[in-house]
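Contents: one structure, followed by commentary.
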Amino acid sequence: MSKDESHPSRVHLHVDAPRAYTQTHTHSLRVSHIQRISLFANMGEQIPVRIKPQDGASPFGGALKSDFPIDPEWHNLNHGSFGTLPNAVLARLRHYQDAAEARPDSFIRYEYPKLLDESREAVARLVNAPVETVVFVSNATEGVNTVIKNLAWGAGEDVILTFSTAYEACAKVADYIVDTTGGKVEHREITIDYPLEDEEILQAFRAAVEAVEKDGKRARVCIFDVVSSRPGVVFPYIDMIKACKELGVLSMVDGAQGIGMVPLDLTKADPDFFVSNCHKWLHVPRGCAIFYVPVRNQHLIPTTLATSHGYIPTSVARGSPLPPSAKSNFVNNFEFVGTKDNGPYLCVKDGIKWRQEVLGGEDKILTYLWDLNKKGIKYVADVLGTVVLENSKGTMTNCSMANVALPIWIGEKGRGAKESDAVVATEDQGTAFQWMARTMVDDYKTFMSLFVLGNRYWIRISASVYLDMTDYEVAGKVLKELSARVAKQEYLAA
Numbered sequence: 012m013s014k015d016e017s018h019p020s021r022v023h024l025h026v027d028a029p030r031a032y033t034q035t036h037t038h039s040l041r042v043s044h045i046q047r048i049s050l051f052a053n054m055g056e057q058i059p060v061r062i063k064p065q066d067g068a069s070p071f072g073g074a075l076k077s078d079f080p081i082d083p084e085w086h087n088l089n090h091g092s093f094g095t096l097p098n099a100v101l102a103r104l105r106h107y108q109d110a111a112e113a114r115p116d117s118f119i120r121y122e123y124p125k126l127l128d129e130s131r132e133a134v135a136r137l138v139n140a141p142v143e144t145v146v147f148v149s150n151a152t153e154g155v156n157t158v159i160k161n162l163a164w165g166a167g168e169d170v171i172l173t174f175s176t177a178y179e180a181c182a183k184v185a186d187y188i189v190d191t192t193g194g195k196v197e198h199r200e201i202t203i204d205y206p207l208e209d210e211e212i213l214q215a216f217r218a219a220v221e222a223v224e225k226d227g228k229r230a231r232v233c234i235f236d237v238v239s240s241r242p243g244v245v246f247p248y249i250d251m252i253k254a255c256k257e258l259g260v261l262s263m264v265d266g267a268q269g270i271g272m273v274p275l276d277l278t279k280a281d282p283d284f285f286v287s288n289c290h291k292w293l294h295v296p297r298g299c300a301i302f303y304v305p306v307r308n309q310h311l312i313p314t315t316l317a318t319s320h321g322y323i324p325t326s327v328a329r330g331s332p333l334p335p336s337a338k339s340n341f342v343n344n345f346e347f348v349g350t351k352d353n354g355p356y357l358c359v360k361d362g363i364k365w366r367q368e369v370l371g372g373e374d375k376i377l378t379y380l381w382d383l384n385k386k387g388i389k390y391v392a393d394v395l396g397t398v399v400l401e402n403s404k405g406t407m408t409n410c411s412m413a414n415v416a417l418p419i420w421i422g423e424k425g426r427g428a429k430e431s432d433a434v435v436a437t438e439d440q441g442t443a444f445q446w447m448a449r450t451m452v453d454d455y456k457t458f459m460s461l462f463v464l465g466n467r468y469w470i471r472i473s474a475s476v477y478l479d480m481t482d483y484e485v486a487g488k489v490l491k492e493l494s495a496r497v498a499k500q501e502y503l504a505a
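Numbering (the numbering used here), first residue to last: 12 to 505.
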């Protein structure tokens, strides 16, 4: 570690560059309390890292924003959609990309597989899964597609189950199977209307399976969430996995919102298939998702999307131009899926270590996120004079996202409406929706996920490690003013 004499508070962490990467980059970052950490030892260049204060001050909140490449004028209240990553991990991504450009064949053929295994091992420890069950795909949608498009379907007998709150892209995967099998596979959607207790969701699932069986068909697989997208609520996925096992239904767990914001133990939960985006809450680059398939089910996944060198044909012997590997067919299959930037996968181990050494580890992160999420969303609801979407046991907000009702109804006011609440005509619902979304970006330099539930507009806000209650004060102010502008029907003049 050395100081820049012209800037006494500017500090660099020095490590030796590998032979395959000789270009030197110098980055700097103004910090106050510094101690040396091992995050990037033996991994490349001079990299600045904000270090957890030694005086016991919290590493979380607004002071952490300078560690992220977020525009200082932007209020990043929608972390749950696309995530973001700290500058330190972004520097690692650049390092891997530069190494690949410096000696493409050396890095891609021989160094990349070793670095990929390090990330697989790191994330497998985090979710308590055998490393041979864990690979990476670009995003959760790709993982769900990989499963559903690999499964062999019994024409005229198989049914795919989803919930009405499923992420639209994943529901469309089921629709695709229906369309491409000439309707010989059926997609049934289980309607749920929040707020609900966990037990009510499980009852709805059991009733759906029973209805399928009464029709002489088989519920082949059910796609369900860890934390749903809109509304952003915790789904009883562990109990759903148990129910699937009991009823003979394959469980396809869409954990797009999952790793990094809720605790995961995949060995204990034991889903049939599981995917979770690392780029949302684990502080790694887009796009990157962990794809877990227990050994018992790996034979059901013969190909990646797109099919590449790891596929083993059954009709002909065909080789591969890649170096030989002693890894399992499943792991080898996903290691190289055509030429693309796999740098995000390599950053998983770096993101995990950054979280440990800078933020204090997963337990501290989740404690901060959940507490801020619950307190922050209640504050915004109080400002708006509305309600938080929650059940009686408070399980729906045990994560990093929560939902608040806007004082804006569609068509007519519903139960609990106030005299001052606005009403948008049913035919103007879409116009008002798009106006609010765009106005948040253009006029308020922020975005919060907007959705319709029942006959009311709702907002989802994401807690994150670089936010604190002052950000929820901003959210409350923006939403109150936005709602007042809707009441004046500004959306009709746009």
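For each residue, glycine too, the CB sits at the ideal point set by N, CA and C.
* Asked: Mapping DSSP to helix, strand and coil, what is residue 81?
  -> Position 70 of the sequence shown, counting from 1, holds the residue named residue 81. Of the three classes helix, strand and coil, the one that applies to residue 81 here is coil, per DSSP.
ask   = Mind checking residue 158: buried by the 16 CB within 10 Å criterion, or exposed?
value = Numbered from its first residue, the sequence shown carries residue 158 at position 147. The residue in question, residue 158, is buried, as its Cβ has 16 or more Cβ neighbours within 10 Å.
- Message: Please tell me whether residue 506 and residue 190 are closer than 8 Å, where the distance is taken between their beta carbons.
- Response: Any question about residue 506 goes unanswered here, given that the chain covers just 12 to 505.
Separation of residue 477 from residue 75, as counted between CA atoms
Here residue 75 is taken as the residue at index 64 of the sequence shown, counted from 1. Here residue 477 is taken as the residue at index 466 of the sequence shown, counted from 1. When rounded, the distance between both Cα atoms is 5 Å.
* Express the C-alpha separation of residue 430 and residue 503 in angstroms, rounding to a whole number. => To locate residue 503, count along the sequence shown from 1; it is residue 492. To locate residue 430, count along the sequence shown from 1; it is residue 419. Answer to the nearest angstrom: the Cα atoms are 22 Å apart.
query: With which residues is residue 268 paired in a DSSP beta bridge?
result: Locating residue 268 in the sequence shown gives position 257, counting from the first residue. In DSSP, residue 268 forms a bridge with 238.
Exposed or buried, what is residue 310 when buried is set at 16 or more other beta-carbons lying within 10 Å of its beta-carbon? Within the sequence shown, residue 310 is the residue found at index 299, counting from 1. The C-beta of residue 310 has fewer than 16 other C-beta atoms within 10 Å across all chains shown, which makes the residue exposed.
Within the continuous alpha helix (DSSP H) that includes residue 357, where are the two ends?
Taking the sequence shown and counting its residues from 1, one reaches residue 357 at position 346. Per DSSP, residue 357 belongs to the alpha helix (DSSP H) from 354–357.
Query raised in the report: What whole-angstrom Cβ distance do residue 208 and residue 404 have, given they're in contact under 8 Å?
Result: As a working mapping, residue 208 is identified with position 197 in the sequence shown. As a working mapping, residue 404 is identified with position 393 in the sequence shown. Going by Cβ atoms, the distance from residue 208 to residue 404 rounds to 7 Å, so yes, they are a contact pair.
I need the DSSP call for residue 92, collapsed to helix, strand or coil. Residue numbering aside, residue 92 sits at position 81 when the sequence shown is read from its first letter. Here DSSP, grouped into helix, strand and coil, assigns residue 92 to helix.
| task | Determine the closest residue to residue 3 out of 167, 378, 224, with distance taken between C-alpha atoms. | result | Examination of residue 3 is not possible in this model, given that the chain is present from 12 through 505 alone.
Practice item. Consult DSSP for residue 472 and reduce its assignment to one of helix, strand or coil. Key: As a working mapping, residue 472 is identified with position 461 in the sequence shown. In this structure, residue 472 counts as strand in the three-state DSSP scheme.
- Message: Quick check: the Cα distance between residue 293 and residue 271, rounded to an integer number of angstroms?
- Response: Working through the sequence shown from its first residue, we reach residue 293 at position 282. Working through the sequence shown from its first residue, we reach residue 271 at position 260. So the two alpha carbons sit approximately 5 Å from each other.
Does the beta-carbon of residue 251 have 16 or more other beta-carbons within 10 angstroms, so that it is buried, or is it exposed?
-> Residue mapping note: residue 251 aligns to position 240 of the sequence shown, counting from 1. Residue 251 is buried by the Cβ-count criterion.
| Quick one: any contact between the stretch 277–286 and the stretch 134–154, if contact means 3 or more CB pairs under 8 Å? | Contact holds: three or more Cβ-Cβ distances are below 8 Å.
Three-state secondary structure assigned by DSSP to residue 337
Position 326 of the sequence shown holds residue 337. Residue 337 falls in the coil class under three-state DSSP.
Quick check on DSSP: helix, strand or coil for residue 400? As a position in the sequence shown, residue 400 is number 389, starting the count at 1. Looking at residue 400 - three-state DSSP - the assignment turns out to be coil, as it is neither helix nor strand.
Residue 158 - containing alpha helix (DSSP H), residue span: Position 147 of the sequence shown, counting from 1, holds the residue named residue 158. Residue 158 -> alpha helix (DSSP H) spans 151–161.
Where in the stretch 285–328 do unbroken runs of the beta strand (DSSP E), each at least 3 residues long, occur, reported from the N-terminal end onward?
You should have 300–303.
Within this structure, are the beta carbons of residue 154 and residue 145 separated by less than 8 Å? Here residue 154 refers to the residue found at position 143 of the sequence shown. Here residue 145 refers to the residue found at position 134 of the sequence shown. No. Outside cutoff.
Endpoints, the beta strand (DSSP E) within which residue 431 is located: Residue numbering aside, residue 431 sits at position 420 when the sequence shown is read from its first letter. Residue 431: not part of any beta strand (DSSP E); DSSP gives it neither H nor E.
- To the nearest angstrom, how far is it from the Cα of residue 333 to the Cα of residue 289? Residue mapping note: residue 333 aligns to position 322 of the sequence shown, counting from 1. Residue mapping note: residue 289 aligns to position 278 of the sequence shown, counting from 1. CA-to-CA, the gap between residue 333 and residue 289 works out to about 27 Å.
In whole angstroms, what separates the C-alpha of residue 178 from that of residue 151?
Residue numbering aside, residue 178 sits at position 167 when the sequence shown is read from its first letter. Residue numbering aside, residue 151 sits at position 140 when the sequence shown is read from its first letter. Their backbone Cα atoms lie some 10 Å apart in a straight line.
**Study point:** Cβ shell of residue 407 (< 6 Å), same chain only, five flanking positions each side left out
**Key:** The count along the sequence shown starts at 1 and reaches residue 407 at position 396. So the list reads 244, 245, 401, once near-sequence residues are dropped.
Point to revise | Proximity to residue 100 [Cα-Cα], best of 228, 418, 435, 359 | key: If you number the sequence shown from 1, residue 100 lands on position 89. Of 228, 418, 435, 359, the smallest CA-CA separation from residue 100 is found for 359.
Would you list the one or two residues that DSSP bridges to residue 177? Here the question's residue 177 lines up with position 166 in the sequence shown. Its beta-bridge partners do not exist; DSSP assigns none.
Does the stretch 356–372 touch the stretch 260–270, meaning 3 or more C-beta pairs lie closer than 8 Å?
-> Three or more beta-carbon pairs separated by less than 8 Å are not found between the stretch 260–270 and the stretch 356–372, which leaves the two stretches without contact.
Quick one: Cα of residue 172 to Cα of residue 201, how far?
As a position in the sequence shown, residue 172 is number 161, starting the count at 1. As a position in the sequence shown, residue 201 is number 190, starting the count at 1. A straight-line Cα-Cα distance of about 7 Å links residue 172 and residue 201.
- Query: For the beta strand (DSSP E) that contains residue 381, what are its first and last residues?
  - Reply: Counting from 1 along the sequence shown, the entry for residue 381 is found at position 370. Premise fails: residue 381 lies in the alpha helix (DSSP H), 373–395, not in any beta strand (DSSP E).
_CB contact flag (residue 421, residue 463, <8 Å)_ = As a position in the sequence shown, residue 421 is number 410, starting the count at 1. As a position in the sequence shown, residue 463 is number 452, starting the count at 1. Closer than 8 Å, so yes.
Between residue 433 and residue 494, which are expected to be in contact by the criterion C-beta below 8 Å, what is the C-beta distance as a whole number of angstroms? One-based indexing of the sequence shown puts residue 433 at position 422. One-based indexing of the sequence shown puts residue 494 at position 483. Confirmed, Cβ separation roughly 6 Å.
- Task: Please classify residue 461: does DSSP put it in a helix, a strand, or coil?
- Result: On the sequence shown, position 450 is the one that residue 461 refers to. Per DSSP, reduced to three states, the secondary structure at residue 461 is strand.
ask   = Are residue 343 and residue 321 touching if we call contact CB-CB under 8 Å?
value = For the purposes of this step, residue 343 is taken as residue 332 along the sequence shown, with counting starting at 1. For the purposes of this step, residue 321 is taken as residue 310 along the sequence shown, with counting starting at 1. Closer than 8 Å, so yes.
- [ ] Inspect the beta-carbon positions of residue 413 and residue 376 and report whether they are closer than 8 Å.
- [x] Residue numbering aside, residue 413 sits at position 402 when the sequence shown is read from its first letter. Residue numbering aside, residue 376 sits at position 365 when the sequence shown is read from its first letter. The Cβ-Cβ distance between residue 413 and residue 376 does not fall below 8 Å.
Going by DSSP, what residues sit across from residue 169 in a beta bridge? Walking along the sequence shown from the start, residue 169 turns up at place 158. Looking at the DSSP assignment, residue 169 forms a beta bridge with 229.
In DSSP terms, what residue 197 is bridged to: Counting from 1 along the sequence shown, the entry for residue 197 is found at position 186. Answer is 170, bridged to residue 197.
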